[in-house]
Amino acid sequence: MPVFEHHASMPSSQSRLWAWHDSPEAFVRIMPEWERLIPVQLGGLENGEETRFKMRLGPLRPTWVAEHFDVKDGQAFSDKMVKGPFGRWDHEHRFDADGDMSKVVDTVQWRLPFHLLSGWTAPITVMPRIRSMFRFRSDRVRGDLRRIEETADLPRRRILVTGSTGLIGTQLCAFLFSAGHDVVRLLRRETVLPKHLASCETVRWDDRTGEVLEGSFEDFDAVIHLAGAGIGDKRWSKARKALIRDSRTGPTRHLAEALAAAERPPEVLLSGSAIGVYGSRGDEVLDESSSRGEGFLCDLANDWENAATPVKEAGIRLIHLRTGLVTTAAGGFLGKQLLPAKMGAGGPIKGGRQRLSWISMDDYVHAVHHLMLQTEAQGPFNITAPTPVNQRTFARVLGRVLRRPSFAPLPGFVIRTLFGEMGQELVLEGQHVEPKRLLDLGFRFEHPELESCLRHTLGKVRSPSPDLVKTRA
């Protein structure tokens, strides 16, 4: 039977490495972004617990069911595939102490269905995916542990999060749990939680009035507010623009007023915003001291930030997260480009000179955590990588990572015809935004360069791995 082994050194103790994996949503953090897995059930590290998720296998969406067994607290656990695409998959996770450091040793015994007939295809169909998956997992765990070690001497926080079930909020909450924080989700009355989050702690409210329906806004150390209708999800009609604006300004104002009135208010509110506040400025280098621009997104971000003013007036530390293009294969800006790029249709749009200020998912998550714990941090912060690129360069680098051509041009009028005002502001215009204040606070990026980010999120890493991989028949 084929055996795959993966050895990865980690920058933390054995106990902290185990705690990371034993956090409630650790599986969410190690899901390869390009696979777009959908969690159904997250089992704890106990014998007999099951983890279930839906995966992609060509046009099929099979469910993988893994049962945990042979759990040795603090040292090792195993899981076996009860249901899924393999003929067999037995996976041992071992956590070895190595002085002040530690090591993860993954050993997988596997075989394909009808392995005697199908096994010859494994070097093409199976092994590249397995190697990419374990490289992604070890890189992400290492990155998380570095941030956790840097803040290990600081007290853990009780955190209330809005937008926690969205693309970004899902990863943020999973990391905060892994870092030892106590995370509570603030949900609207009508929000239905995914099955794998059914047991999580929640507060429910009416975001249109500010009325708390279940729970309380008292006794939180920090509040992270990310909720709002998707800006790039649909063409901007008058009704859609009203929804985008009202889903941000009203709830932000109600939340800020409620926190300001609390008997035991939080120490900090980190409230969502966007780099659209600067408007389309060509190649002008923009930082947090730059003036605001004009247009729908500028007005939106300006009103969004002003709506949080009551917490500042109440003496609560207020941070505006002016977010760029969060770049992940799981969805969003990059997710929409992957199909045409894979078909060789990626290329410059309207000449490709417009600037794109992007950030990797990991750096976004770590930056929010960093700002939350920095007691002197307040005001606006640009949440972008330090190396913006123009759209032509973005397309070229994406094509290189995917090994696809990236020269097919797309005229600007096509974007305006298809997407109207939304296409004009989101695709044809741009900003060169730099994270000056974040860098001044000493934040270090996992992916400061675009190619590193794209290779990580797409499972196409080529740089030498610090990990050891062994395979045998």
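The numbers in this note's numbering rise by one with no breaks, and the one at position 385 of the sequence shown is 400.
Cβ coordinates follow ideal geometry from the N, Cα and C atoms, glycine included.
{"Item": "Decide yes or no for the touch test of the region 322 to 336 against the region 274 to 291: beta carbon pairs closer than 8 Å, at least 3 of them.", "Value": "yes"}
{"Item": "Could you tell me the alpha carbon to alpha carbon distance between V97 and L433, rounded to whole angstroms?", "Value": "46 Å"}
{"Item": "Got a sec, what are the start and stop residues for the beta strand (DSSP E) Q56 sits in?", "Value": "53 to 56"}
{"Item": "Could you tell me how far apart the beta carbons of R370 and H447 are, in whole angstroms, since I believe they sit closer than 8 Å?", "Value": "4 Å"}
{"Item": "May I ask you to check if the CB of L340 is nearer than 7 Å to at least one heavy atom of the ligand ADP?", "Value": "As far as ligands go, the structure on display features none, and thus does not contain the ligand ADP."}
{"Item": "I need the DSSP call for E107, collapsed to helix, strand or coil.", "Value": "strand"}
{"Item": "What are the start and end residues of the alpha helix (DSSP H) that includes W125?", "Value": "First-last for W125: 116 to 126, but that is the beta strand (DSSP E), not the alpha helix (DSSP H)."}
{"Item": "Among all the DSSP beta bridges, which residues are the ones paired with R332?", "Value": "V283"}
{"Item": "Give the DSSP-derived three-state secondary structure of I139 in the structure shown.", "Value": "helix"}
{"Item": "Evaluate the contact criterion for the region 124 to 136 versus the region 99 to 115: three or more CB pairs, one atom per stretch, below 8 Å.", "Value": "yes"}
{"Item": "With DSSP as the reference, label K520 as helix, strand or coil.", "Value": "Given a span of 16 to 488 for the chain in the structure shown, any question on residue 520 remains unanswerable."}
{"Item": "In angstroms, rounded to a whole number, what distance separates the CA positions of V341 and H462?", "Value": "12 Å"}
{"Item": "Along the beta strand (DSSP E) that carries H21, what are the first and last residues, could you check?", "Value": "18 to 25"}
{"Item": "Could you pull the DSSP bridge partners for W251 from this structure?", "Value": "In DSSP, W251 forms no bridge with anything."}
{"Item": "Nearest to P12 by alpha carbon, out of S193, W79, S478, I145?", "Value": "What is shown of the chain runs 16 to 488, which leaves residue 12 out entirely."}
{"Item": "Roughly how many whole angstroms lie between the Cα atoms of R203 and R76?", "Value": "30 Å"}
{"Item": "With distances taken between CB atoms, is the gap from P281 to F235 smaller than 8 Å?", "Value": "yes"}
{"Item": "Alpha carbon to alpha carbon, how far is S30 from R109?", "Value": "12 Å"}
{"Item": "Within the region 152 to 210, note down every full beta strand (DSSP E) run reaching 3 residues or more, in order along the chain.", "Value": "173 to 177, 197 to 203"}
{"Item": "Answer with buried or exposed for S421, where buried requires no fewer than 16 other C-beta atoms within 10 angstroms of its C-beta.", "Value": "buried"}
{"Item": "Label N397 either buried or exposed according to how many other C-beta atoms from any shown protein chain fall within 10 Å of its C-beta, with 16 as the threshold for buried.", "Value": "buried"}
{"Item": "How about the region 263 to 278 and the region 210 to 223: do they share at least three Cβ pairs that are nearer than 8 Å?", "Value": "yes"}
{"Item": "With DSSP run on the structure shown, which of helix, strand or coil describes L241?", "Value": "coil"}
{"Item": "Using the three-state DSSP reduction, which class does D221 fall into: helix, strand or coil?", "Value": "strand"}
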